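Chains as they are written, first to last, in UniProt numbering: chain A, 1 to 180; chain B, 1 to 147.
Note that CB positions come from ideal geometry on N, CA and C, so glycine has one too.
Quick caveat: nothing in here was measured; it's all calculated off a predicted structure.
Each remark here refers to the structure printed beneath this line.
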């Protein structure tokens with residue numbers, strides 16, 4: 001047997017018995033309409049809020065590192081930063097912008113119940129001005145997950161991972177809402 | 001042919017030499033099945049995958065995770081010809097196992113997250129670049145024989 005079976009890592013789920021948790025369905029009743037997509041269950045929203053709260057002391061580091069890793073691992077993403085003198089990993093503009101982006105992500109956590117509505121103006125910015133190909137949101141999300149895993153190896157359990165990954169995917173969808 | 005710098009070779013070799021194949025293999029496959037539940041479609045004969053906890057305790061999954069990591073080992077030992085090293089395995093995944101090759105990418109991402117957790121700050125930017133380059137070559141090779 002392995003450690004994970006008697007695991008303290010899963011203490012976020014200790015009070016929640018997955019066996020009878022209806023919220024893990026892909027369908028959820030939000031107000032008067034049915035969301036049949038990969039939207040977050042209430043438990044997952046709580047998991048996201050909880051983890052982001054734990055992460056808050058290191059959020060700047062994670063944002064800066066994540067963007068640095070994006071431009072390093074996926075060099076084509078530097079194409080969006082040609083206006084910077086230095087778009088290399090760890091450079092000042094990259095770190096600063098990573099922190100800005102992370103700030104936006106934290107803002108989105110606060111709007112987790114209505115990402116599309118809450119991120120309307122950011123979506124317009126990305127659609128009409130920035131025009132970042134949405135595939136890059138996935139790449140940045142991956143880099144953020146890697147940084148979260150590095151800095152919070154115990155807390156970033158598979159259950160937290162799936163909730164945060166879903167949240168970042170929903171965030172990306174909301175950002176791309178106005179694209180076409 | 002893929003070009004590897006001495007630094008990249010050293011980084012990849014170092015990661016593998018410090019790897020606990022059982023631990024990392026198990027954790028990566030479990031994480032993949034939990035984070036991307038549709039990947040469970042390929043594990044019908046592997047017993048109880050009902051929820052995260054049962055997946056994490058499943059010995060068949062653990063064993064398979066180890067097997068996958070040892071499979072990756074072959075790429076390490078043949079870094080200059082990963083394409084041909086995996087030709088047969090690619091055909092196997094295509095013709096017998098019928099695995100959508102996008103799943104290789106999903107598992108690779110989970111493996112990266114697990115290794116990042118294990119290595120912490122030692123998983124530097126340079127390390128991640130080399131590691132993901134290695135995995136992308138592996139993923140590409142595994143998908144190459146699909147027809």
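Apart from the five residues on each side of it in sequence, which residues of its chain come closer than 7 angstroms, Cβ to Cβ, to residue i?
| i | result |
| --- | --- |
| residue 109 (chain B) | none |
| residue 140 (chain B) | none |
| residue 181 (chain A) | There is simply no residue 181 (chain A) to check, as chain A begins at 1 and stops at 180 in what is shown. |
| residue 46 (chain A) | none |
| residue 180 (chain A) | none |
| residue 97 (chain A) | 67 |
| residue 104 (chain B) | 139, 142, 143 |
Return the CA-CA distance between residue i and residue j, expressed in angstroms with no decimal places.
| i | j | result |
| --- | --- | --- |
| residue 30 (chain B) | residue 117 (chain B) | 15 angstroms |
| residue 194 (chain B) | residue 147 (chain B) | Shown here, chain B extends from 1 to 147; a query on residue 194 (chain B) therefore has no answer. |
| residue 66 (chain B) | residue 101 (chain A) | 37 angstroms |
| residue 106 (chain A) | residue 51 (chain A) | 11 angstroms |
| residue 4 (chain B) | residue 129 (chain B) | 12 angstroms |
| residue 121 (chain B) | residue 115 (chain B) | 11 angstroms |
| residue 61 (chain B) | residue 46 (chain B) | 7 angstroms |
| residue 91 (chain B) | residue 79 (chain B) | 20 angstroms |
| residue 84 (chain B) | residue 84 (chain A) | 41 angstroms |
| residue 89 (chain A) | residue 67 (chain A) | 8 angstroms |
| residue 20 (chain B) | residue 54 (chain B) | 22 angstroms |
| residue 127 (chain A) | residue 170 (chain A) | 16 angstroms |
| residue 18 (chain B) | residue 119 (chain B) | 10 angstroms |
| residue 183 (chain A) | residue 143 (chain A) | Residue 183 (chain A) lies beyond the residue range present for chain A, which begins at 1 and ends at 180; the question has no answer from this structure. |
| residue 115 (chain A) | residue 174 (chain A) | 6 angstroms |
| residue 62 (chain A) | residue 91 (chain A) | 15 angstroms |
Since residue i and residue j are thought to touch, with beta carbons under 8 angstroms apart, how far apart are those beta carbons, to the nearest angstrom?
| i | j | result |
| --- | --- | --- |
| residue 164 (chain A) | residue 145 (chain A) | 7 angstroms |
| residue 28 (chain B) | residue 111 (chain B) | 4 angstroms |
| residue 113 (chain B) | residue 149 (chain A) | 5 angstroms |
| residue 73 (chain B) | residue 134 (chain B) | Between residue 134 (chain B) and residue 73 (chain B) the Cβ distance is about 12 angstroms, and since that is not below 8 angstroms, they are no contact. |
| residue 63 (chain B) | residue 159 (chain A) | Actually they are not in contact, since the Cβ atoms of residue 63 (chain B) and residue 159 (chain A) sit about 23 angstroms apart, beyond 8 angstroms. |
Within 10 angstroms of its Cβ, does residue i collect 16 or more other Cβ (buried), or is it exposed?
| i | result |
| --- | --- |
| residue 117 (chain A) | exposed |
| residue 140 (chain A) | buried |
| residue 65 (chain A) | buried |
| residue 98 (chain B) | exposed |
| residue 79 (chain A) | exposed |
| residue 166 (chain A) | buried |
| residue 36 (chain A) | The predicted model places residue 36 (chain A) with a pLDDT of 43, which falls under 50 and marks its position as unreliable, so this point remains unresolved. |
| residue 157 (chain A) | buried |
| residue 88 (chain B) | exposed |
| residue 130 (chain A) | exposed |
| residue 50 (chain B) | exposed |
| residue 31 (chain A) | Here residue 31 (chain A) scores only 42 on pLDDT, less than 50, and its place in the model is too uncertain to base an answer on. |
| residue 56 (chain A) | exposed |
| residue 13 (chain B) | exposed |
| residue 70 (chain B) | exposed |
| residue 131 (chain B) | buried |
| residue 5 (chain A) | exposed |
Spell out whether any CB of chain C is found under 9 angstroms from the CB atom of residue i.
| i | result |
| --- | --- |
| residue 79 (chain B) | Among the protein chains of the structure shown, namely A and B, there is no chain C. |
Which residues in the same chain have their Cβ closer than 8 angstroms to the Cβ of residue i, if we skip the five residues on either side of it in sequence?
| i | result |
| --- | --- |
| residue 68 (chain B) | 25, 28, 29, 107 |
| residue 49 (chain A) | 109, 112 |
| residue 126 (chain B) | 7, 11 |
| residue 75 (chain B) | 82, 85, 86, 134, 137, 138, 141 |
| residue 54 (chain A) | 152, 155 |
To which residues of the same chain is residue i closer than 6 angstroms at the C-beta, ignoring the five residues directly before and after it?
| i | result |
| --- | --- |
| residue 81 (chain A) | 87 |
| residue 168 (chain A) | 141 |
Quiz item: Mind pulling the alpha helix (DSSP H) runs of 4 or more residues that sit fully within the region 66 to 103 of chain B?
Solution: 82 to 85, 87 to 91
Quiz item: Quick one: complete alpha helix (DSSP H) runs, 4+ long, within the UniProt domain "Globin" (39 to 180) of chain A?
Solution: 42 to 55, 59 to 73, 92 to 110, 115 to 118, 120 to 124, 135 to 151, 158 to 175
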